[in-house]
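J.: Per UniProt numbering, residue 1 is the first one in the sequence shown, and the count goes up by one each step.
Each residue gets a CB set at the ideal place from its N, CA and C atoms; glycine is no exception.
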Amino acid sequence: MAVLKVIEILANSDNGWEDAAKKAVAEASKSVKNIKSVYINEQSATVEDGKIKNYRVNVKITFEVK
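#1: May I ask you to report which of helix, strand or coil DSSP gives residue 11?
#2: To the nearest angstrom, how far is the alpha carbon of residue 15 from that of residue 2?
#3: By DSSP, does residue 25 sit in helix, in strand, or in coil?
#4: Using only CA atoms, which one of 66, 32, 13 and 27 lies nearest to residue 44?
#5: According to the neighbour-count rule (16 or more other Cβ atoms, all chains shown, within 10 Å of its Cβ), is residue 57 buried or exposed?
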């Protein structure tokens with residue numbers, strides 16, 4: 001049996017939700033080891049002049065505690 005912990009990260013990107021999720025994992029990886037999964041909890045975007053300006057994600061990152 002493994003002990004897992006979940007943290008929430010907010011991230012954004014000018015290029016898309018997938019890029020924002022990748023940035024969240026990259027940032028979390030700087031201080032958290034053994035990341036096992038990512039759950040996209042929420043997606044949103046800001047709009048300017050009828051176009052999407054910025055993509056935002058709220059992700060839950062699961063990692064194993066050793």
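T.: If we stick to the structure as given:
#1: Taking the first residue of the sequence shown as 1, we reach residue 11 at position 11. In this structure, residue 11 counts as strand in the three-state DSSP scheme.
#2: Locating residue 15 in the sequence shown gives position 15, where the first residue counts as 1. Locating residue 2 in the sequence shown gives position 2, where the first residue counts as 1. Each residue's alpha carbon lies about 36 Å from the other.
#3: Here residue 25 refers to the residue found at position 25 of the sequence shown. Residue 25 falls in the helix class under three-state DSSP.
#4: Along the sequence shown, read from residue 1 onward, the residue named residue 44 stands at position 44. It is 13 whose Cα lies nearest to the Cα of residue 44.
#5: Within the sequence shown, residue 57 is the residue found at index 57, counting from 1. Per the 10 Å Cβ criterion, buried.
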